[in-house]
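J.:
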Amino acid sequence: MYQSNYRGWLGRLWHWVFLSLCSLIFLLLIGPLLVIIPLSFNADSYFTFSEGMLRLDPEAFSLKWYREILHTPNRPGSHGSEWASAAWTSLYIGICATLIATALGTVAAIGLSRPEMPYRRIIMAFLISPMIVPIIITAAGIFAYYSKYHLAYTDLGIILAHAVLGTPFVIIAVTATLTGFDTQYLRASYSLGARPIKTFARVVLPLTFPGIMTGALFAFVTSLDEIVVVIFLASEEQITLPRLIWSGIRQEITLTILAVATIMVTLSVLILISVELLRRRTERYLAPQSANRA
Amino acid sequence: MAKAAQPIMIDGVPLKERLAQAERRKKYIAFGMVLPLLIFVIVTFAIPIASMLFRSVDNPRMTELAPNLVQALNEWDGAELPSEEVFEVAFIDLTAAKEAGTLGRIATHLNYSLSGGRSLILKTKRKFKKIKSPPYREAMIKADKRWGDINTWGVLKKVSDRYTTRYFLNAVDRDFDNDGNIVEKPEEKQIYVTLFLRTLWISLLVTLLTLLIGYPIAYLISTQPPRIGNLLIIMVLLPFWTSLLVRTTSWIVLLQTQGVLNDIMVWLGIISEQGRLQMIFNLQGTLIAMTQILLPFMVLPMYSVMKTIPLYELRASQSLGANPFITFWRIFWPRSIPGIGAGGLLVFVLSVGYYITPALVGGSKGQMISNQIAFHMKSSLNWGLAAAMGSILLIAVLILYWLYDKVVGIDKMKLG
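Quick mapping for you: the protein sequence lines, in order, are chains Y and B. Mapping of the first sequence onto the working numbering: position 101 corresponds to residue 101, and the numbering continues sequentially without gaps. Mapping of the second sequence onto the working numbering: position 166 corresponds to residue 166, and the numbering continues sequentially without gaps.
1. Quick check on DSSP: helix, strand or coil for I417 of chain B?
2. Could you tell me which chain Y residues have their CB closer than 9 Å to the CB of E75 of chain B, listed as they occur along the chain?
3. Report the residue from B:L385, B:G344, B:M389, B:S370 whose alpha carbon sits nearest the alpha carbon of V408 of chain B.
4. Does the stretch 260-276 of chain B come close enough to the stretch 52-63 of chain Y to have 3 or more Cβ pairs within less than 8 Å?
5. Output, in chain order, the set of chain Y residues within a Cβ distance shorter than 9 Å of Q258 of chain B.
6. How many Å lie between V269 of chain Y and L220 of chain B at the Cα?
7. Kindly indicate which three-state DSSP category W60 of chain B falls into: helix, strand or coil?
8. Go through its chain and collect everything with a Cβ distance to L122 of chain B's Cβ below 7 Å, but skip five positions before and after it.
9. List, in chain order, every chain B residue whose beta-carbon is nearer than 7 Å to that of I137 of chain Y.
10. Between which two residues does the alpha helix (DSSP H) holding R91 of chain B run?
11. Should D225 of chain Y and S243 of chain B be called a contact, given that it needs their Cβ atoms to be closer than 8 Å?
12. What are the residues that DSSP puts in a beta bridge with D175 of chain B?
13. If you measure beta-carbon to beta-carbon, which residues of the stretch 146-166 of chain B are closer than 9 Å to chain Y?
14. Residues of chain B with CB under 7 Å from L233 of chain Y, in chain order?
15. Which class does P130 of chain Y belong to by DSSP, given the choice of helix, strand or coil?
16. State the beta-bridge partners of S223 of chain Y as determined by DSSP.
17. Tell me, please, which residues DSSP counts as bridged to N42 of chain Y.
18. Is the CB-CB distance between F281 of chain B and L350 of chain B below 8 Å?
19. If we call anything under 8 Å between Cβ atoms a contact, is Y215 of chain B one with V57 of chain B?
20. Any idea what DSSP makes of P135 of chain B, helix, strand or coil?
21. Distance cutoff 8 Å, beta carbons only. Does P210 of chain Y sit that close to anything in chain B?
22. Alpha carbon to alpha carbon, how far is E17 of chain B from T8 of chain B? Give it in angstroms, no decimals.
23. Do the stretch 230-245 of chain Y and the stretch 184-203 of chain Y make contact, defined as three or more Cβ pairs closer than 8 Å?
24. Cβ atoms of I128 of chain Y and I413 of chain B: under 8 Å apart, would you say?
25. So, is the C-beta of R114 of chain Y closer than 8 Å to a C-beta in chain B?
26. Between the alpha carbons of P226 of chain B and I233 of chain B, how many angstroms are there, rounded?
27. Taking a cut of 8 Å between CB atoms, which residues from the stretch 192-206 of chain Y lie near chain B?
28. If you measure between the beta carbons of T229 of chain Y and T138 of chain Y, is that distance less than 8 Å?
29. Any beta carbon of chain B sitting closer than 8 Å to that of E237 of chain Y?
30. Flag P7 of chain B as yes if its beta-carbon sits less than 8 Å from any beta-carbon of chain Y, otherwise no.
31. Inspect the beta-carbon positions of G339 of chain B and V305 of chain B and report whether they are closer than 8 Å.
32. Using CA atoms only, rank isn't needed, just tell me which of B:Q274, B:Q318, B:N230 is closest to E276 of chain Y.
33. If we call anything under 8 Å between Cβ atoms a contact, is A396 of chain B one with E116 of chain Y?
34. Could you give the DSSP three-state label for S191 of chain Y: helix, strand or coil?
35. With three or more beta-carbon pairs closer than 8 Å as the criterion, would you say the stretch 374-384 of chain B touches the stretch 93-107 of chain Y?
36. Please list, in chain order, the chain Y residues whose beta carbon lies closer than 8 Å to that of R247 of chain B.
Here is the structure:
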């Protein structure tokens with residue numbers, strides 16, 4: 001820790017100005033997310049805090065927008081709530097895309113971390129590029145090309161596109177864990193008679209597990225939040241959660257969307273906590289080395 | 001001096017060779033592990049994008065619709081009016097197109113480059129019935145005297161080229177005139193250069209704004225003890241993990257005229273009920289929302305550089321009598337510059353290609369180049385122009401990406 005040693009009233013004043021400035025910036029970061037939470041419990045259908053809400057009158061709060069999520073009628077032809085079936089579609093696509101991205105990305109990241117890997121830098125740059133290329137170019141290209149192979153308007157098409165968008169995160173997360181990986185473990189495993197496959201399953205996988213999980217979570221969230229590829233590639237029937245929110249915002253934004261948004265913010269908090277726990281786990285493994293550095 | 005004998009393995013192979021073999025094998029194994037993903041990314045991502053961008057120079061329409069005419073025009077030297085044979089081929093191909101119902105598409109295609117091209121084709125079409133026998137040349141010129149103008153044929157030859165630069169010219173508000181010269185489009189049709197510049201301007205502003213408000217908190221976080229620092233970093237990571245659509249939604253709720261911020265200002269008496277501010281669905285909305293959404297991408301790289309600055313050096317500086325400002329300026333600031341580079345480049349790259357947020361909160365004045373590409377892909381269906389604009393955007397992004405790799409290194413990229 002570093003404590004600035006301010007002298008005189010001017011220094012102290014600046015210190016407080018700086019701290020309040022930082023608080024304001026944190027408010028800017030978090031505030032917009034927090035505002036929607038109480039609003040989603042609004043008993044009225046306005047996007048502002050009613051007087052009743054400000055007085056904390058229980059009458060002014062209600063769960064009706066959450067009930068609305070469960071009771072929004074679906075398109076003709078399918079039953080259940082519109083939001084629930086969109087959530088299932090998103091979940092299905094997200095899980096499939098994550099599995100592909102994680103499997104391919106993990107193996108590739110392990111290869112990339114080997115010191116013998118040829119053309120490492122350029123290949124890495126190429127494999128990370130789906131994260132950098134503007135999404136509209138990716139979506140347009142994928143739509144035009146997948147149409148030729150009857151992959152447009154199919155679940156498989158969206159899954160493949162989301163998988164490729166998720167792989168950079170898996171690579172980054174797994175390579176990050178592997179930079180602290182001690183290759184002595186491999187030699188120890190080999191010298192004890194384990195074959196490469198067994199070494200991979202019993203030594204490499206458990207040690208890189210936190211990185212793999214972090215990458216997988218990122219890939220999953222990427223798919224769950226992806227809208228541009230879906231707009232291009234999805235048929236009328238393939239409605240994902242982001243697509244429903246997107247069309248909701250574009251037509252008329254309702255408090256039901258805020259209720260959904262609140263659920264999603266809660267989900268983000270849960271995911272963030274899991275990632276944080278995973279990160280601590282990695283740090284524990286790498287603790288001896290970090291200790292050396294300090 | 002005699003060379004030392006090379007060590008030989010028990011099977012007679014020199015050790016050096018054996019080692020090289022083992023090295024090669026390791027190389028193949030490493031590459032083999034990367035290969036599946038490499039193929040996957042090439043097939044599902046790189047080839048689609050390349051083939052899409054190829055449309056920016058591809059010009060297959062005439063070759064598809066009037067193949068013989070295209071060939072005949074290729075052989076024509078353009079020095080004087082084409083011969084009777086070319087006219088005959090033209091007559092046959094256009095008649096065939098008329099029967100196949102594709103003549104309208106040829107007319108439209110010609111009209112892009114030749115003003116009045118559509119009427120020329122359609123007028124000729126009506127008079128084709130009267131043309132029964134050769135010579136076609138005279139008959140066609142009689143049908144419309146523009147067929148006797150070498151300029152018409154020059155343009156026809158140009159639009160029949162297999163490859164074209166027209167889409168790229170269009171993407172920078174230029175076009176060919178009837179003589180084949182590159183000219184600026186009429187002023188009221190010049191929109192794309194402005195849009196490219198606006199995209200750069202928005203990205204630059206967003207980068208500067210995120211830097212300006214991101215630096216203080218990155219500094220604060222990196223100088224705190226780990227317990228508080230971790231808590232603060234989580235506050236930066238939370239928006240990073242939250243759905244982009246959700247964050248954009250919350251900005252609409254906050255900024256719209258009947259929204260939370262306007263309400264607060266009316267309640268505080270800063271503005272009157274009638275004077276509610278239009279803060280969203282314009283350029284300002286795009287700027288505010290993008291700055292907040294991209295802020296974590298600025299703070300996280302800066303923080304990861306700043307936390308490597310040893311705090312004992314700051315303490316040393318203070319104990320030697322420097323005041324906090326000098327300590328910051330002489331010790332902290334110079335070492336934090338790589339973080340600024342990393343964060344700045346990342347935010348700039350990401351904002352140049354932004355689509356969703358401008359589409360939802362940008363109104364008409366806050367649109368960026370991506371939104372125009374989407375418009376040409378989905379609504380106007382001018383894919384060639386969309387591909388040309390996309391190529392320009394992609395080249396800009398790739399240069400920045402290359403710069404990022406040079407300055408920061410892609411392997412240094414982290415997820416919080």
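Ideal placement from N, C-alpha and C gives every residue a C-beta, glycine not left out.
T.: Working from what's here:
1. No statement about residue 417 of chain B is possible, as the shown extent of chain B runs from 1 to 416 and does not include it.
2. Chain Y residues near E75 of chain B: none, gap ~32 Å exceeds 9 Å.
3. Looking at B:L385, B:G344, B:M389, B:S370, the one whose alpha-carbon comes closest to that of V408 of chain B is B:G344.
4. no
5. Within chain Y, the residues near Q258 of chain B are Y46, F47, T48.
6. Each residue's alpha carbon lies about 23 Å from the other.
7. The sequence shown places Pro at residue 60 of chain B, not Trp. In the structure shown, P60 of chain B sits in coil (DSSP, three-state: anything other than H, G, I, E or B).
8. A107
9. I49, G390, L393, L394
10. Looking at the sequence shown, residue 91 of chain B is not Arg but Phe. F91 of chain B -> alpha helix (DSSP H) spans 84-100.
11. With contacts defined as CB atoms closer than 8 Å, D225 of chain Y and S243 of chain B qualify as a contacting pair.
12. Answer is B:V183, bridged to D175 of chain B.
13. none
14. Near L233 of chain Y there are no residues of chain B at all, since even the closest Cβ is about 11 Å away, more than 7 Å.
15. Helix.
16. Paired residues: none, contrary to the question.
17. Y:F61
18. no
19. no
20. coil
21. no
22. A small fix is needed here, since residue 8 of chain B is Ile in this sequence, not Thr. C-alpha separation (whole angstroms): 9 Å.
23. no
24. In the sequence on display, residue 413 of chain B carries Met and not Ile. Cβ atoms of M413 of chain B and I128 of chain Y: closer than 8 Å.
25. yes
26. 10 Å
27. none
28. It is Val, not Thr, that sits at residue 229 of chain Y in the sequence shown. In this structure, T138 of chain Y lies closer than 8 Å to V229 of chain Y by Cβ.
29. So no, E237 of chain Y is outside the interface.
30. no
31. yes
32. B:N230
33. no
34. helix
35. no
36. P32, L33
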